[in-house]
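According to numbering that gives the first Met the number 0, the sequence shown is numbered sequentially starting from 0. A quick write-up on the structure given underneath.
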Amino acid sequence: MEPASFYTEDRYLLRGQLYSAKTALQGRVIVAGATGVPQGFYRRFAQFACEQGFETLTFDYRGIGESKPETLKGFEMDLLDWGKQDLAAAVEFMSKDDVPVFVIGHSYGGHAFGLLPNHHKVSGCYVFGTGAGWHGYMPFGEQLKVLTMWHLVLPVLTWWKGYCAWQVFGMGEDLPKNAFSQWRHWCRYPHYFFDDPKMEGIETLYQAVETPMVAANALDDLWAMPRSRDAFVQYYRNAPLTRQDLDPQTLGGKIGHMGYFRQPATPLWQASLDWFKSINPAGSMA
(Lines of atoms letter the chains of each structure in order from A and count residues from 1; the text may use other names and numbers.)
(Lines give C-alpha, C1' and ligand atoms only; values in the text may rest on other atoms or scores of the structure.)
Protein backbone atom coordinates (compact mmCIF):
# COMPACT_ATOMS: atom_id res chain seq x y z
CA MET A 1 0.00 0.00 0.00
CA GLU A 2 1.04 3.62 -0.41
CA PRO A 3 -0.26 6.89 1.04
CA ALA A 4 -2.89 8.70 -0.99
CA SER A 5 -4.23 12.22 -0.56
CA PHE A 6 -6.76 14.23 -2.50
CA TYR A 7 -8.86 17.36 -2.13
CA THR A 8 -12.62 17.63 -2.03
CA GLU A 9 -14.52 20.17 -4.11
CA ASP A 10 -14.61 22.48 -1.07
CA ARG A 11 -10.81 22.11 -0.73
CA TYR A 12 -10.61 19.87 2.30
CA LEU A 13 -7.58 17.56 2.22
CA LEU A 14 -8.39 13.88 2.77
CA ARG A 15 -5.82 11.19 3.44
CA GLY A 16 -6.00 7.51 2.65
CA GLN A 17 -4.11 4.40 1.59
CA LEU A 18 -4.04 2.93 -1.90
CA TYR A 19 -3.57 -0.83 -2.28
CA SER A 20 -2.32 -1.84 -5.71
CA ALA A 21 -3.83 -4.84 -7.49
CA LYS A 22 -1.61 -7.92 -7.21
CA THR A 23 -3.07 -9.72 -10.22
CA ALA A 24 -4.77 -8.73 -13.48
CA LEU A 25 -6.75 -5.56 -12.80
CA GLN A 26 -10.47 -6.25 -12.31
CA GLY A 27 -11.52 -2.80 -11.17
CA ARG A 28 -11.05 -0.15 -8.52
CA VAL A 29 -12.75 -0.37 -5.12
CA ILE A 30 -13.42 2.46 -2.66
CA VAL A 31 -14.15 1.58 0.96
CA ALA A 32 -16.82 3.93 2.37
CA GLY A 33 -16.54 3.40 6.10
CA ALA A 34 -18.93 3.61 9.03
CA THR A 35 -19.41 6.61 11.32
CA GLY A 36 -16.29 7.22 13.36
CA VAL A 37 -14.49 4.10 12.12
CA PRO A 38 -10.93 4.83 10.96
CA GLN A 39 -9.68 3.48 7.65
CA GLY A 40 -7.21 1.11 9.32
CA PHE A 41 -10.14 -1.07 10.38
CA TYR A 42 -10.68 -1.95 6.70
CA ARG A 43 -7.06 -2.83 6.00
CA ARG A 44 -7.59 -6.60 5.89
CA PHE A 45 -10.43 -6.28 3.41
CA ALA A 46 -8.31 -3.97 1.23
CA GLN A 47 -5.44 -6.46 1.25
CA PHE A 48 -7.82 -9.27 0.35
CA ALA A 49 -9.32 -7.26 -2.51
CA CYS A 50 -6.00 -6.21 -4.02
CA GLU A 51 -4.85 -9.82 -4.04
CA GLN A 52 -7.82 -10.56 -6.30
CA GLY A 53 -7.07 -7.82 -8.79
CA PHE A 54 -8.88 -4.83 -7.30
CA GLU A 55 -6.95 -1.64 -6.71
CA THR A 56 -8.45 -0.51 -3.40
CA LEU A 57 -8.67 2.83 -1.63
CA THR A 58 -9.34 3.30 2.06
CA PHE A 59 -9.63 6.85 3.40
CA ASP A 60 -10.80 8.84 6.39
CA TYR A 61 -13.69 11.28 6.14
CA ARG A 62 -13.03 14.83 7.29
CA GLY A 63 -12.73 15.10 11.07
CA ILE A 64 -11.76 11.41 11.39
CA GLY A 65 -8.45 9.56 11.62
CA GLU A 66 -5.75 10.91 9.32
CA SER A 67 -8.17 13.51 7.89
CA LYS A 68 -8.91 15.26 11.19
CA PRO A 69 -7.57 18.65 12.28
CA GLU A 70 -5.19 19.11 15.19
CA THR A 71 -8.17 19.51 17.52
CA LEU A 72 -11.85 18.72 17.07
CA LYS A 73 -12.88 21.39 19.53
CA GLY A 74 -14.40 24.17 17.43
CA PHE A 75 -14.16 22.15 14.22
CA GLU A 76 -17.41 22.41 12.27
CA MET A 77 -18.68 20.22 9.48
CA ASP A 78 -21.87 18.84 7.98
CA LEU A 79 -22.40 15.10 8.33
CA LEU A 80 -23.80 15.04 4.79
CA ASP A 81 -20.43 16.20 3.46
CA TRP A 82 -18.91 12.79 4.15
CA GLY A 83 -20.98 11.68 1.16
CA LYS A 84 -21.51 14.83 -0.92
CA GLN A 85 -17.91 15.96 -0.69
CA ASP A 86 -15.59 13.29 0.71
CA LEU A 87 -16.82 10.08 -0.91
CA ALA A 88 -17.48 12.06 -4.07
CA ALA A 89 -13.83 13.16 -4.13
CA ALA A 90 -12.73 9.55 -3.63
CA VAL A 91 -14.82 8.53 -6.65
CA GLU A 92 -13.15 11.23 -8.75
CA PHE A 93 -9.72 10.15 -7.51
CA MET A 94 -10.32 6.54 -8.53
CA SER A 95 -12.14 7.23 -11.82
CA LYS A 96 -9.57 6.97 -14.60
CA ASP A 97 -8.53 4.92 -17.62
CA ASP A 98 -12.05 3.53 -18.16
CA VAL A 99 -11.52 1.01 -15.34
CA PRO A 100 -14.79 0.29 -13.49
CA VAL A 101 -15.13 1.77 -10.01
CA PHE A 102 -16.98 0.01 -7.20
CA VAL A 103 -17.93 1.06 -3.68
CA ILE A 104 -17.94 -1.26 -0.68
CA GLY A 105 -19.81 0.41 2.15
CA HIS A 106 -20.18 -0.13 5.87
CA SER A 107 -23.11 1.37 7.80
CA TYR A 108 -22.88 5.12 6.99
CA GLY A 109 -21.30 4.13 3.68
CA GLY A 110 -24.78 3.05 2.58
CA HIS A 111 -26.09 6.51 3.48
CA ALA A 112 -23.22 8.27 1.75
CA PHE A 113 -23.76 6.61 -1.62
CA GLY A 114 -27.12 8.28 -2.21
CA LEU A 115 -25.60 11.66 -1.47
CA LEU A 116 -23.05 11.39 -4.27
CA PRO A 117 -23.33 13.88 -7.12
CA ASN A 118 -21.24 11.46 -9.23
CA HIS A 119 -22.80 8.07 -8.44
CA HIS A 120 -23.10 7.50 -12.18
CA LYS A 121 -19.33 6.88 -12.24
CA VAL A 122 -19.72 3.86 -9.96
CA SER A 123 -20.51 0.48 -11.55
CA GLY A 124 -21.72 -1.23 -8.39
CA CYS A 125 -22.21 -0.61 -4.67
CA TYR A 126 -22.20 -3.35 -2.02
CA VAL A 127 -23.02 -2.26 1.54
CA PHE A 128 -22.91 -4.07 4.86
CA GLY A 129 -24.80 -3.06 7.99
CA THR A 130 -26.63 -0.01 6.64
CA GLY A 131 -29.72 0.90 8.63
CA ALA A 132 -31.98 3.79 9.60
CA GLY A 133 -30.46 4.12 13.09
CA TRP A 134 -33.79 4.31 14.94
CA HIS A 135 -33.75 2.55 18.30
CA GLY A 136 -37.22 1.10 17.69
CA TYR A 137 -35.77 -1.49 15.30
CA MET A 138 -33.39 -2.80 17.96
CA PRO A 139 -33.99 -5.49 20.60
CA PHE A 140 -35.21 -4.05 23.90
CA GLY A 141 -31.92 -4.39 25.75
CA GLU A 142 -30.04 -2.59 22.98
CA GLN A 143 -32.71 0.11 22.91
CA LEU A 144 -32.06 0.90 26.56
CA LYS A 145 -28.31 1.15 26.00
CA VAL A 146 -28.69 3.33 22.90
CA LEU A 147 -31.23 5.69 24.46
CA THR A 148 -29.03 6.13 27.52
CA MET A 149 -26.10 6.91 25.25
CA TRP A 150 -28.03 9.35 23.03
CA HIS A 151 -29.85 11.26 25.77
CA LEU A 152 -27.54 11.16 28.77
CA VAL A 153 -23.96 9.97 28.41
CA LEU A 154 -22.87 11.39 25.06
CA PRO A 155 -24.57 14.81 25.33
CA VAL A 156 -22.86 15.45 28.67
CA LEU A 157 -19.52 14.21 27.37
CA THR A 158 -19.84 16.29 24.20
CA TRP A 159 -20.74 19.43 26.16
CA TRP A 160 -17.73 18.91 28.43
CA LYS A 161 -15.18 18.13 25.69
CA GLY A 162 -16.47 20.27 22.85
CA TYR A 163 -16.66 17.17 20.64
CA CYS A 164 -18.11 13.67 20.95
CA ALA A 165 -15.51 11.59 22.79
CA TRP A 166 -16.54 8.35 21.07
CA GLN A 167 -13.15 6.72 21.75
CA VAL A 168 -13.94 6.50 25.45
CA PHE A 169 -16.26 3.62 24.63
CA GLY A 170 -13.81 1.89 22.30
CA MET A 171 -16.26 2.29 19.42
CA GLY A 172 -14.15 4.30 17.00
CA GLU A 173 -12.83 7.80 16.46
CA ASP A 174 -14.02 10.90 18.28
CA LEU A 175 -16.61 12.85 16.31
CA PRO A 176 -16.94 16.58 15.62
CA LYS A 177 -19.66 18.12 17.76
CA ASN A 178 -22.10 19.07 15.03
CA ALA A 179 -21.65 15.74 13.19
CA PHE A 180 -22.66 13.97 16.41
CA SER A 181 -25.63 16.33 16.88
CA GLN A 182 -26.92 15.63 13.38
CA TRP A 183 -26.46 11.87 13.74
CA ARG A 184 -28.24 11.81 17.10
CA HIS A 185 -31.08 13.97 15.78
CA TRP A 186 -31.74 11.86 12.67
CA CYS A 187 -31.64 8.63 14.66
CA ARG A 188 -34.79 9.85 16.42
CA TYR A 189 -36.77 9.12 13.26
CA PRO A 190 -37.85 5.68 11.95
CA HIS A 191 -36.60 6.62 8.47
CA TYR A 192 -33.57 8.67 9.53
CA PHE A 193 -33.23 12.06 7.78
CA PHE A 194 -35.99 11.20 5.31
CA ASP A 195 -38.47 11.90 8.15
CA ASP A 196 -36.87 15.21 9.16
CA PRO A 197 -39.09 18.10 7.95
CA LYS A 198 -35.97 20.24 7.52
CA MET A 199 -34.56 17.69 5.05
CA GLU A 200 -37.51 17.78 2.68
CA GLY A 201 -36.41 16.81 -0.82
CA ILE A 202 -33.38 14.73 0.13
CA GLU A 203 -35.18 11.63 -1.12
CA THR A 204 -34.78 12.91 -4.69
CA LEU A 205 -31.02 12.38 -4.43
CA TYR A 206 -31.56 8.70 -3.67
CA GLN A 207 -34.20 8.28 -6.33
CA ALA A 208 -31.64 9.45 -8.90
CA VAL A 209 -29.36 6.48 -8.19
CA GLU A 210 -29.52 3.75 -10.83
CA THR A 211 -26.32 1.91 -9.87
CA PRO A 212 -26.78 -1.81 -9.04
CA MET A 213 -26.62 -2.34 -5.29
CA VAL A 214 -26.52 -5.09 -2.66
CA ALA A 215 -27.49 -4.35 0.95
CA ALA A 216 -26.41 -7.15 3.29
CA ASN A 217 -27.27 -7.18 7.00
CA ALA A 218 -26.57 -9.77 9.66
CA LEU A 219 -29.45 -11.14 11.68
CA ASP A 220 -27.44 -10.37 14.83
CA ASP A 221 -26.54 -6.80 13.85
CA LEU A 222 -28.35 -5.10 16.71
CA TRP A 223 -27.74 -1.61 15.30
CA ALA A 224 -28.91 -2.42 11.79
CA MET A 225 -31.39 -5.27 11.75
CA PRO A 226 -32.84 -6.16 8.33
CA ARG A 227 -36.00 -4.14 8.93
CA SER A 228 -33.87 -1.12 9.84
CA ARG A 229 -32.02 -1.61 6.55
CA ASP A 230 -35.28 -1.85 4.65
CA ALA A 231 -36.53 1.39 6.21
CA PHE A 232 -33.55 3.20 4.71
CA VAL A 233 -32.71 1.50 1.43
CA GLN A 234 -36.31 1.70 0.18
CA TYR A 235 -35.41 5.22 -0.92
CA TYR A 236 -33.04 3.81 -3.54
CA ARG A 237 -36.19 3.29 -5.56
CA ASN A 238 -34.64 3.27 -9.02
CA ALA A 239 -31.52 1.27 -8.26
CA PRO A 240 -31.46 -2.49 -8.97
CA LEU A 241 -31.25 -3.49 -5.30
CA THR A 242 -30.72 -6.90 -3.74
CA ARG A 243 -31.30 -7.35 -0.01
CA GLN A 244 -29.44 -10.09 1.84
CA ASP A 245 -30.07 -11.33 5.39
CA LEU A 246 -26.88 -12.92 6.70
CA ASP A 247 -27.05 -15.84 9.12
CA PRO A 248 -24.21 -15.42 11.66
CA GLN A 249 -24.04 -19.20 12.09
CA THR A 250 -22.42 -19.42 8.67
CA LEU A 251 -19.50 -17.35 9.99
CA GLY A 252 -18.83 -19.02 13.29
CA GLY A 253 -21.88 -17.76 15.14
CA LYS A 254 -21.31 -14.00 15.35
CA ILE A 255 -21.19 -11.03 13.01
CA GLY A 256 -22.78 -8.05 14.78
CA HIS A 257 -22.36 -4.51 13.49
CA MET A 258 -18.58 -4.58 13.17
CA GLY A 259 -17.93 -8.18 12.19
CA TYR A 260 -18.43 -7.62 8.47
CA PHE A 261 -14.85 -6.44 8.21
CA ARG A 262 -13.13 -8.72 10.68
CA GLN A 263 -11.10 -11.70 9.51
CA PRO A 264 -13.85 -14.38 9.90
CA ALA A 265 -15.93 -12.45 7.36
CA THR A 266 -13.66 -13.43 4.47
CA PRO A 267 -16.54 -15.34 2.76
CA LEU A 268 -18.54 -12.09 2.74
CA TRP A 269 -15.62 -10.26 1.14
CA GLN A 270 -15.37 -12.96 -1.50
CA ALA A 271 -19.08 -12.68 -2.23
CA SER A 272 -18.84 -8.92 -2.71
CA LEU A 273 -15.84 -9.15 -5.03
CA ASP A 274 -17.46 -11.95 -7.04
CA TRP A 275 -20.50 -9.73 -7.46
CA PHE A 276 -18.33 -6.86 -8.65
CA LYS A 277 -16.75 -9.18 -11.21
CA SER A 278 -20.19 -10.32 -12.38
CA ILE A 279 -21.26 -6.77 -13.25
CA ASN A 280 -17.93 -5.69 -14.70
CA PRO A 281 -18.77 -5.34 -18.41
CA ALA A 282 -15.13 -5.28 -19.47
CA GLY A 283 -13.87 -8.24 -17.43
CA SER A 284 -10.16 -8.18 -16.60
CA MET A 285 -8.51 -4.89 -17.56
CA ALA A 286 -5.04 -6.37 -17.99
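Cβ atoms here follow ideal geometry from the backbone N, Cα and C, with glycine treated the same way.
Classification of S283 by the beta-carbon crowding that lies within 10 angstroms, buried from 16 upward
As a first step, residue 283 is located in the sequence shown; it is residue number 284 there, counting from the start. Note that S283 has pLDDT 45, beneath the 50 cutoff, so the model's placement of it is unreliable and no number is given.
Is it right to say C124 is buried, meaning 16 or more other beta carbons lie within 10 angstroms of its own, or is it exposed?
Your numbering for residue 124 matches position 125 in the sequence shown. Per the 10 Å Cβ criterion, buried.
Please determine, among P138, L17, A131 and W81, the residue with the shortest C-alpha to C-alpha distance to F112.
As a working note, residue 112 is residue 113 in the sequence shown. Cα-wise, what sits closest to F112 is W81.
Is S283 helix, strand or coil when you go by DSSP?
Here residue 283 refers to the residue found at position 284 when the sequence shown is read from its first residue. Because S283 carries a pLDDT of 45, less than 50, the predicted location of this residue cannot be relied on, and the following value inherits that uncertainty. S283: coil per DSSP, three-state reduction.
Between which two residues does the alpha helix (DSSP H) containing N117 stretch?
As a first step, residue 117 is located in the sequence shown; it is residue number 118 there, counting from the start. Here N117 belongs to no alpha helix (DSSP H), and DSSP marks it neither H nor E.
Does DSSP classify N177 as helix, strand or coil?
As a first step, residue 177 must be located in the sequence shown, where it is residue number 178. In this structure, N177 counts as helix in the three-state DSSP scheme.
Taking the alpha-carbon positions, what's the F74 to T157 distance?
Along the sequence shown, read from residue 1 onward, the residue named residue 74 stands at position 75. Along the sequence shown, read from residue 1 onward, the residue named residue 157 stands at position 158. Rounded to whole angstroms, F74 to T157 spans 13 Å at the Cα level.
From W274 to T55, what distance separates their C-alpha atoms?
For the purposes of this step, residue 274 is taken as residue 275 along the sequence shown, with counting starting at 1. For the purposes of this step, residue 55 is taken as residue 56 along the sequence shown, with counting starting at 1. If I take the Cα positions, the gap works out to 16 Å.
Cβ of L71 within 8 Å of Cβ of Y162?
Counted from its first residue, the sequence shown places residue 71 at position 72. Counted from its first residue, the sequence shown places residue 162 at position 163. Cβ atoms of L71 and Y162: closer than 8 Å.
Rounded distance between the beta-carbons of Q25 and K276, thought under 8 Å
Residue numbering aside, residue 276 sits at position 277 when the sequence shown is read from its first letter. Residue numbering aside, residue 25 sits at position 26 when the sequence shown is read from its first letter. Confirmed, Cβ separation roughly 6 Å.
Sequence-distant residues of its chain with Cβ nearer than 6 Å to D194 (five each side left out)
Taking the first residue of the sequence shown as position 1, residue 194 is located at position 195. These residues qualify, in order along the chain: Y188.
Between Y125 and the ligand ZN, is there a pair consisting of the residue's CB and a ligand heavy atom that are separated by less than 7 Å?
This structure does not include the ligand ZN; it has no bound ligands of any sort.
How long is the line joining the alpha carbons of N117 and A23, rounded to whole angstroms?
For this step, residue 117 is matched to residue 118 along the sequence shown. For this step, residue 23 is matched to residue 24 along the sequence shown. A direct Cα-to-Cα measurement between N117 and A23 gives close to 26 Å.
Under three-state DSSP, which class holds S122?
As a position in the sequence shown, residue 122 is number 123, starting the count at 1. Strand.
Exposed or buried, Q248, counting other C-beta atoms within 10 Å across all chains shown (16 or more means buried)?
Counting from one through the sequence shown, the residue named residue 248 turns up at place 249. Burial call: exposed.
What do you get for L218, buried or exposed, if any count of 16 or more other CB atoms within 10 angstroms of its CB means buried?
The count along the sequence shown starts at 1 and reaches residue 218 at position 219. Label assigned to L218: exposed.
Among A31, F168 and L240, nearest to L115 - alpha-carbon criterion
Translated into positions along the sequence shown, residue 115 becomes position 116. Answer by Cα proximity: A31.
Should the region 5-13 be regarded as contacting the region 207-225, the criterion being three or more beta carbon pairs within less than 8 Å?
no
If you run the structure through DSSP and keep just helix, strand and coil, what is Y18?
In the sequence shown, residue 18 corresponds to position 19, counting from 1. Y18 carries a strand assignment under DSSP once its states are collapsed to helix, strand and coil.
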